[in-house]
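Using the numbering used here, read the sequence shown as starting at 81 and increasing by one per residue.
We put the CB at the ideal spot given by N, CA and C, even for glycine.
Below: the structure, in structure tokens.
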Amino acid sequence: MDRLTAFGLLAVSSMLISYSFEKYSSWWVLAFAASCVMGSAYGFFQGAWPFGAVEAVWSVVALRRWLAMRAEGQTE
């Protein structure tokens, strides 16, 4: 397994884990956004630009959800 593949595995695994824990804390939503950024980078580095673009959009969606949760005081 090369470093790029390992990075992709880490990105997708962290997306899965953080998504599954989102109901417990808004910080998991932020972790999901960061994982989506990693997934987007992996997609672009690998040459799969549609995957990279979709993951970039998901990161923006998740970041907006986290900001909305913070504004509502749901940081726990």
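Residue i in three-state terms, based on DSSP
| i | result |
| --- | --- |
| Met81 | coil |
| Gly153 | coil |
| Ser100 | helix |
| Gly88 | helix |
| Gly127 | coil |
Whole-angstrom C-beta distance between residue j and residue i, which should lie under 8 Å
| i | j | result |
| --- | --- | --- |
| Gly123 | Phe112 | So it is not a contact: roughly 16 Å between Cβ atoms. |
| Ser115 | Ala136 | About 12 Å separates the two Cβ atoms, so there is no contact after all. |
| Ser106 | Met149 | 4 Å |
Host alpha helix (DSSP H) of residue i (start-end)
| i | result |
| --- | --- |
| Ser105 | Note, Ser105: premise wrong, no alpha helix (DSSP H); not H, not E. |
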